Structures are given as C-alpha cells and as structure tokens.
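Chains as they are written, first to last, in my numbering: chain A, 1 to 135; chain B, 1 to 427. Every residue, glycine too, gets a C-beta built ideally from N, C-alpha and C. These figures come from a predicted structure and were not determined experimentally.
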Amino acid sequence: MDDETAVGVAEKFQNCGSQARAARLKERLEQLLREAALVEVELSRADGAIKGVPHYSVIEGRAHQLGRQLSRQVQEQQMNELAAAHEQTALCPACKTRCSATVDKRTVKTVDGDAQLQEVVCYCDRCRRSFFPSA
Amino acid sequence: MTAVGGLFFPQREALGFDPREVTPGVRAKISHAAAEARSFERASIVLKHVGNLKISNDTVQRVMGEVGTELAERRDADPKTADALAKRPEEPPKMAIVECDGGRIRAREPGHGRGVTLSGEKGWRETKNACLINALGQTFTEDPQPEPPECFFDPKHVAKIAQTEALSVASPQAAQALASSDEIEDLAQPSADWRPKRKVRTVLASMECSRQFGKQMFREAKRRRFFDAAIKAFLGDGLPWNWSIWREHFRNFTAILDFIHPLSYLYLAAKTVHAGQADDVWSQYVAWMRGCWQGEVGQVIEELRLHQIKLGQPPADAPDSDPRQIVATTINYLNNNRERMNYPEYRKAGLPVTTAWMESLVKEMNYRVKGTEMFWNDPAGAEAILQIRAAALSDDDRLDRHLLQRPGSPFAKQPKPPKLKSQTCKP
Numbered sequence: 001m002d003d004e005t006a007v008g009v010a011e012k013f014q015n016c017g018s019q020a021r022a023a024r025l026k027e028r029l030e031q032l033l034r035e036a037a038l039v040e041v042e043l044s045r046a047d048g049a050i051k052g053v054p055h056y057s058v059i060e061g062r063a064h065q066l067g068r069q070l071s072r073q074v075q076e077q078q079m080n081e082l083a084a085a086h087e088q089t090a091l092c093p094a095c096k097t098r099c100s101a102t103v104d105k106r107t108v109k110t111v112d113g114d115a116q117l118q119e120v121v122c123y124c125d126r127c128r129r130s131f132f133p134s135a
Numbered sequence: 001m002t003a004v005g006g007l008f009f010p011q012r013e014a015l016g017f018d019p020r021e022v023t024p025g026v027r028a029k030i031s032h033a034a035a036e037a038r039s040f041e042r043a044s045i046v047l048k049h050v051g052n053l054k055i056s057n058d059t060v061q062r063v064m065g066e067v068g069t070e071l072a073e074r075r076d077a078d079p080k081t082a083d084a085l086a087k088r089p090e091e092p093p094k095m096a097i098v099e100c101d102g103g104r105i106r107a108r109e110p111g112h113g114r115g116v117t118l119s120g121e122k123g124w125r126e127t128k129n130a131c132l133i134n135a136l137g138q139t140f141t142e143d144p145q146p147e148p149p150e151c152f153f154d155p156k157h158v159a160k161i162a163q164t165e166a167l168s169v170a171s172p173q174a175a176q177a178l179a180s181s182d183e184i185e186d187l188a189q190p191s192a193d194w195r196p197k198r199k200v201r202t203v204l205a206s207m208e209c210s211r212q213f214g215k216q217m218f219r220e221a222k223r224r225r226f227f228d229a230a231i232k233a234f235l236g237d238g239l240p241w242n243w244s245i246w247r248e249h250f251r252n253f254t255a256i257l258d259f260i261h262p263l264s265y266l267y268l269a270a271k272t273v274h275a276g277q278a279d280d281v282w283s284q285y286v287a288w289m290r291g292c293w294q295g296e297v298g299q300v301i302e303e304l305r306l307h308q309i310k311l312g313q314p315p316a317d318a319p320d321s322d323p324r325q326i327v328a329t330t331i332n333y334l335n336n337n338r339e340r341m342n343y344p345e346y347r348k349a350g351l352p353v354t355t356a357w358m359e360s361l362v363k364e365m366n367y368r369v370k371g372t373e374m375f376w377n378d379p380a381g382a383e384a385i386l387q388i389r390a391a392a393l394s395d396d397d398r399l400d401r402h403l404l405q406r407p408g409s410p411f412a413k414q415p416k417p418p419k420l421k422s423q424t425c426k427p
C-alpha cells in the first residue's frame, strides 16, 4: 500500500468513526427528546395544566414553551462551549497588543426569548477599551 | 367501516380543531397577520418571514373569513352570556364614552369574484364604526378652557379637520392677524389638560344597517357595564342615524355633537352673509365658532335669523347653493343640534367635545380596509375583515381570547358560514 492509499484509508476510517458517533448522538438525542416529551406530558397532568380534554391551544402553548426553552438552552450551551474553547489571550484588533481574555455574560433576545450567553471579552490597556475577539 | 359522510371526531370540538389543518396557535398568527398587514398577500409574506410559516394568500383569506364570521356571531350573542365577545368588568367604568361614525369601503359586484368591481360611486358601501371607551376624567367648577384652542383659528387646520374645502379658502390675512394676536394665544391656553384619558377602548364595525348596528352597540355597552357608569356620554357628528341610535339605546347618555362638525356650516353661512368681503367672512366665522364653543348657540341662531330676514326665506325649490338656503340650512342644523352643543358644561364635566377618538379609529380601520387596490366581497368579505380589524384594535385582547378558546368542529367537512345579505334599514 503506498502512502497516498494509506492516507485515504485512514480518512475513510475516520469518517466512518465520525458518522457512527453522529448516529449514536442522534439516537441519544431522539431518546432524550422522547423522554422529555413524556415528562412534560406527565408534568402537565401533575401541575393541573391539562385536565380532561383541553383546548388544543393549551397543549400547543405548553409544548411551544418547552421547545423555546430547549432552543435557549442549546444556544447557551453552544456559546459556553465556544467561550471555553477560546484561547486565554487575543490580539487587540487596533494596536495588535496581546491581551488576556475573560468570559462575560450577556442577555440577548433570541427568536425563542431571552437567553444568557457567555462571551469572550478582552480589555486592551493601551487602547483603553474592550474588544470581543472573533477567533 | 363507517361511511365517510358519517365520520365525526368526538374530541375535536373541545380541542378546538376543525377540518382545516392548522392548530389554534397558527390560526391566531394568520388572523393577526390578516388584521394588520394591508393585504392577504402581505400577510402571507409576514407569516413566512416573521412567523416561519408557509401559508398561501388564499388560506389567509379563508381563515379570515371563518374567524370574521365567528366574531360576528359572538358580537351578536346575548350580553348576559359568556358567548359575548366583550369582557364583563367587575366594576362599571367611572366614565363611559360612546362614539360612532360612518365610513366607506369599496366592494365588488355582489356574487362575483376578483376583478369584477363597480365603477365610481356604485362601488362604495357604507360601513358603521363605533368605539366604546372606558375613560378617566376630572370635573371642574369653571369651564377649564373658555376660549377655543388656537387650532380653530387656523383656516388650513380647520379645513383639514372639518374635511371641507370651504375653509381652506378663508381669508389668510384675517387668519394671520388673529393667529398672531397675543390675546388669542393667551386665552387659548387651557388651565390644565381637562380632556379625559382613554383607559380601555373596544371597537365595533359593520356593514349592517344603523338599526342593527345600534343593537350591536347596545349589546357591547351592556356587556361592558356602560349603563352603570357614573358619567356617560355619546358623541357623534350631524348624521341622523347617530342620533337615532342615541335615542333608541343611549338616551340617558349625555349627547354631544362633535364640535368640528358645525364649523363647515358656520363658515359657509359667514361666506354667504358677507359675500365678497374676505376679512369680514373670517371674522364672522371666528365670532360664531367662538359663540358655539362658549355655549351661546342661541345667540348664533338669532344672528343667523336676522340675516335670514334680510335675505328672505328660500323658496321650496331653492338649490343648495342659494344663499337663502345656505343660511336656512345652517339655522336648521344648529336648531336640531343645540341641545347637544352645551360645550362649557361638557368641559366642566370633563367630557370630550370632539370625536377625535373616533376619527383616529376610522384612520386605523381604513389602513386595513380602504385603499386603491382594496375591493371586498359584499357583504361577507367586507363584514369579516371589519370584524377582525375591529377585534384587533380593541384593547381587551378579544381576538386572542376568541382564537385560543374557540370550539372546534366534530365533522369532517367545514360547516358553511351563514349567508349574509346586504342590509338596508327599513324606515
């Protein structure tokens, strides 16, 4: 097997590994969502929001709220991961001084309501202003 | 297996589902978009980009028709029952203000579809609009604004609000002289803002005749406990049907003629009695306008009578433009309405003296129902959009309350809405 072929096979294995992992995660997510749906249905009975045959707007409204909550949590988690993965320092975009980075919280309006996101922020002593590094 | 014709869904009614495959939440979004966007096409675009929903123009129109019909049914429900659209408040309002006015809408040829319109005046249909306002006001021992506001001394402004071209040609010199007068500026400033403040407004609009519309207004007022209010007023312009409704249903409300309405009559009469003397015309208009504002309508009528004597009585076949006829019409108009022109007393009671709230509402209605490209099916389409728009403009959240509670239909086929007929009031 020449070098080129060996690289190709390795890539193929790696892709297969990623695909298998994605499939496993997808399955787990679907299972968790099904479980969340079951818990929500049980909760809506337990807290008295749904009794007998309700107007569908009650079912729809509660389900939609849960969906929005999940969406906000996903957005928050994605931002947490991005912030955690960022380097400890960043170059000031104006003077190119290396500055140390910290993580700040900010509340933003998303299409699914207010979410509290983490964001990497640096302060440049030379320019005397904050900046938000892009990478 | 059961035949398709006999299918029914026992839970649909409680769930709020019907044969249309949309949930109550989507129906609510469609209805709001149809009520606020200027066309069904625009509503469909808003739904796509804002609501993330792909809904065709035709579906928007059909849903609007269904919801409009349901709202009309609830509007006409017994006000003592929960079927009524308006919310019954725990306490009656302290100040209840009812205003009504006519409007116009363009209709298609009845029984025809898109593109079949009637030309000119034939295509216009009359609409009736009303607002019922729970207001907050204060009372005064003295008239809080004995001099008319400055705007009534501005010919252009008065022409605009009186919706007449007559005043726009008033003497500009005279107007400038008056507008710059320190005396007027000082006197025109009210000691405090005496005008009532709007708390909760609900809106009615319909293609139905004034008799039916009066009943709609009565039911809405009854449901909102307007008849139990401590202070009650009914405002309208000079249209006879306004006062027929007042006589039939709101007789114990203080009747107030919109102060703007007599202005065009007064200006035309002033122009007639001082023909060719522009400065005198404007001074005379200002004197009569101020007289009406200060509750001296009797004095204005007396002066007009003296002019009538000088000019003579109009013959039976006199045209409207005959100076004798103009003066006679003005006297007649003021005489018919003088009981509703006691403006200083209304101001002391903290009541409005113009139908500004109504005029503002008519503009909000027109935004959705009147435009160069807007033609409505007569009367079903027109009545439906009026119901949706009126509900959307009401402060009591009635559109959402209805949509999130409306019962569904247990049957596989959409029930046909009752067929509406164009209404004309029989004398």
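Per DSSP, the continuous alpha helix (DSSP H) segment holding B:F218 begins and ends at 210-223.
Contacts between B:T23 and chain A, judged by CB atoms closer than 8 Å, involve Y56, S57, E60 in chain order. Within chain A, the C-beta atoms nearer than 7 Å to that of B:G16 come from H55, Y56, S57, in chain order. Counting every other CB atom within 10 Å of its CB across the protein chains shown gives B:F213 a total of 16 or more, marking it as buried. Around the C-beta of B:P240, fewer than 16 other C-beta atoms lie within 10 Å, and the residue is accordingly described as exposed. Taking the Cβ atoms as the reference, B:G295 lies roughly 20 Å from B:Q138, outside the contact range of under 8 Å. Boundaries around B:N134 are those of the beta strand (DSSP E), 124-136, since no alpha helix (DSSP H) includes it.
The criterion of a C-beta distance shorter than 8 Å is not satisfied by A:C122 and A:S134. When B:C131, B:P144, B:R108 are compared, the shortest CA-CA separation from B:W124 is found for B:R108. Under the rule that a run must span 4 or more residues, the alpha helix (DSSP H) segments found entirely inside the stretch 369-405 of chain B read 380-392, 398-403. Per the C-alpha coordinates, the member of B:E21, B:D58, B:E36, B:L306 positioned closest to B:I388 is B:E36.
In its chain, beyond the 5 residues on either side, P24, A28 have a beta carbon closer than 7 Å to the beta carbon of B:L404. Within chain B, not a single residue places a beta-carbon under 9 Å from that of A:H86; the smallest gap is close to 32 Å. The C-beta distance from B:I97 to B:A233 rounds to 5 Å, short enough to meet the 8 Å contact threshold. Look at the stretch 391-408 of chain B: the residues with a C-beta under 7 Å from a C-beta of chain A are L404, Q405. For A:V9, the three-state secondary structure derived from DSSP is helix.
Counting along the chain, no beta strand (DSSP E) covers B:E109, and no H or E run does either. Distances from the alpha-carbon of B:A392 to those of B:Q313, B:L334, B:T202 put B:T202 closest. DSSP places A:C16 in the helix class (H, G or I) of the three-state scheme.
Contacts with chain A at 8 Å (Cβ-Cβ) do not include B:Q216. Counting along the chain, B:A28 sits inside the alpha helix (DSSP H) bounded by residues 24-36. DSSP places B:A43 within a helical segment (H, G or I) once states are collapsed to three. Contact between the stretch 135-155 of chain B and the stretch 335-355 of chain B is present: three or more C-beta pairs spanning the two stretches fall below 8 Å. With its beta carbon at least 8 Å from every one in chain A, B:Q212 lies outside the interface. Fully contained in the stretch 309-377 of chain B are the following alpha helix (DSSP H) runs of length 4 or more, in chain order: 323-337, 343-348, 356-369.
In the displayed model, B:A233 falls within a strand according to three-state DSSP.
For B:L15 against A:Y56, the beta-carbon gap comes to about 4 Å, under 8 Å, which counts as contact.
In this structure A:H64 is exposed. Its beta-carbon is surrounded by fewer than 16 other beta-carbon atoms within 10 angstroms. The residue among B:V50, B:G291, B:H32, B:H307 with its C-alpha nearest the C-alpha of B:P344 is B:G291.
For B:T69, the closest alpha carbon among the candidates B:K54, B:M207, B:Y346, B:F9 is that of B:M207.
Per DSSP, the continuous alpha helix (DSSP H) segment holding A:G67 begins and ends at 56-85.
In terms of Cα proximity to A:E119, the closest of A:C127, A:K109, A:T110, A:D104 is A:D104. Closest option to A:V39, judged by alpha-carbon separation, among A:R21, A:R106, A:L66: A:L66.
Counting of Cβ neighbours within 10 angstroms places B:D320 among the exposed residues, the total staying below 16.
Interface residue (Cβ-Cβ distance to chain A less than 8 Å): B:Q294 is not classified as such.
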